[in-house]
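Each residue of the sequence shown is one higher than the last, beginning at 422 in the numbering used here. The C-beta atom is built at its ideal place from N, Cα and C for all residues, glycine as well.
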Amino acid sequence: YNMSYSDIIDSLMEARLARETARITFPEGITLIEAARLLEENGVCGADDFIYTFNSSVFGFEYEKYVLSSTLKLYKYEGYLFPDTYEFYTGDSAYNVVKKIKTRTNEILSAKGFTIDQVVILASIIQKEAASEEEMKTIASVFINRLNNSEEYPRLQSDTSNSYIENVIKKVLTVEYQEMYDAYDTYVCTGLPVG
Numbered sequence: 422y423n424m425s426y427s428d429i430i431d432s433l434m435e436a437r438l439a440r441e442t443a444r445i446t447f448p449e450g451i452t453l454i455e456a457a458r459l460l461e462e463n464g465v466c467g468a469d470d471f472i473y474t475f476n477s478s479v480f481g482f483e484y485e486k487y488v489l490s491s492t493l494k495l496y497k498y499e500g501y502l503f504p505d506t507y508e509f510y511t512g513d514s515a516y517n518v519v520k521k522i523k524t525r526t527n528e529i530l531s532a533k534g535f536t537i538d539q540v541v542i543l544a545s546i547i548q549k550e551a552a553s554e555e556e557m558k559t560i561a562s563v564f565i566n567r568l569n570n571s572e573e574y575p576r577l578q579s580d581t582s583n584s585y586i587e588n589v590i591k592k593v594l595t596v597e598y599q600e601m602y603d604a605y606d607t608y609v610c611t612g613l614p615v616g
């Protein structure tokens, strides 16, 4: 039977409203593992699916071209989940969920003078290191000065990298992988860590 244009719109809206949604807030400094757990607990998508898709799917965003792959990185896109409140459909595919998050991340990322990967790594360290927004500016300038004077300050020396090694990497890996630890350890590696 014939439906008017506005009837079609109404029925599509109703169908859309019938789908359950979940509002999830990802706080600053959240790890991919924590985000995956939140998504699974809220019935949005499976945690393992999410982590796999987040690190392996490419959506053609500008920033994706600049994210380096490395066998020493635990997760390629750790740090690329923009902290925000999102609304997801429950029982959705990890692909749709990841696309929504990466679209938001893409809107935020446009940096000068550093590669996008470097900015995300540096921002992640600063965010974990600082107690307040005011402190972030001070810490950022200290680290940027160190990076710009690599002769004098070859290492960033941030304790946050060690807590990531202890609390995230070592809990995921089932074997000791000293090379990876060293690549993340800002007391060992020169300049920025691998991720």
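Rounded to a whole number of angstroms, what is the C-alpha to C-alpha distance between ILE451 and GLU600? Within the sequence shown, residue 451 is the residue found at index 30, counting from 1. Within the sequence shown, residue 600 is the residue found at index 179, counting from 1. One C-alpha to the other measures close to 24 Å.
If distances are taken between C-alpha atoms only, which option among PHE471, SER490, ALA561 and ILE547 comes closest to LYS523? By 1-based counting over the sequence shown, the position of residue 523 is 102. Ranking the options by Cα distance to LYS523, first place goes to PHE471.
To the nearest angstrom, how far is the alpha carbon of THR506 from that of SER584? Against the sequence shown, residue 506 aligns to sequence position 85. Against the sequence shown, residue 584 aligns to sequence position 163. Cα to Cα, the separation comes out at about 26 Å.
For the alpha helix (DSSP H) that contains GLU550, what are its first and last residues? Indexing the sequence shown from 1 puts residue 550 at position 129. That run of the alpha helix (DSSP H) goes 537–550.
Distance, Cα to Cα, VAL589 vs TYR602? In the sequence shown, residue 589 corresponds to position 168, counting from 1. In the sequence shown, residue 602 corresponds to position 181, counting from 1. A direct Cα-to-Cα measurement between VAL589 and TYR602 gives close to 11 Å.
Of the choices GLU587, SER545, ALA604 and THR511, whose alpha-carbon is the least far from that of ASN448? Here the question's residue 448 lines up with position 27 in the sequence shown. The sequence shown places Pro at residue 448, rather than the Asn named in the question. Selected option, being the one with the closest Cα: SER545.
Tell me which residue opens and which closes the alpha helix (DSSP H) that PHE475 is part of. Translated into positions along the sequence shown, residue 475 becomes position 54. For PHE475, the uninterrupted alpha helix (DSSP H) segment begins and ends at 468–477.
Taking only three categories from DSSP, how would you classify ARG440? Residue 440 sits at position 19 when you count from the first residue of the sequence shown. Correct three-state label for ARG440: coil.
Check whether the Cβ atoms of THR536 and ARG576 sit closer than 8 Å, and answer yes or no. Here residue 536 refers to the residue found at position 115 of the sequence shown. Here residue 576 refers to the residue found at position 155 of the sequence shown. Between THR536 and ARG576, the C-beta spacing is not below 8 Å.
How big is the Cα-Cα spacing for GLU555 and MET434? Looking up residue 555 in the sequence shown gives position 134. Looking up residue 434 in the sequence shown gives position 13. Taking C-alpha positions only, GLU555 is separated from MET434 by approximately 44 Å.
Grab the span of the beta strand (DSSP E) containing TYR510 for me, first residue to last. For the purposes of this step, residue 510 is identified with residue 89 of the sequence shown, where counting begins at 1. For TYR510, the enclosing beta strand (DSSP E) begins and ends at 506–510.
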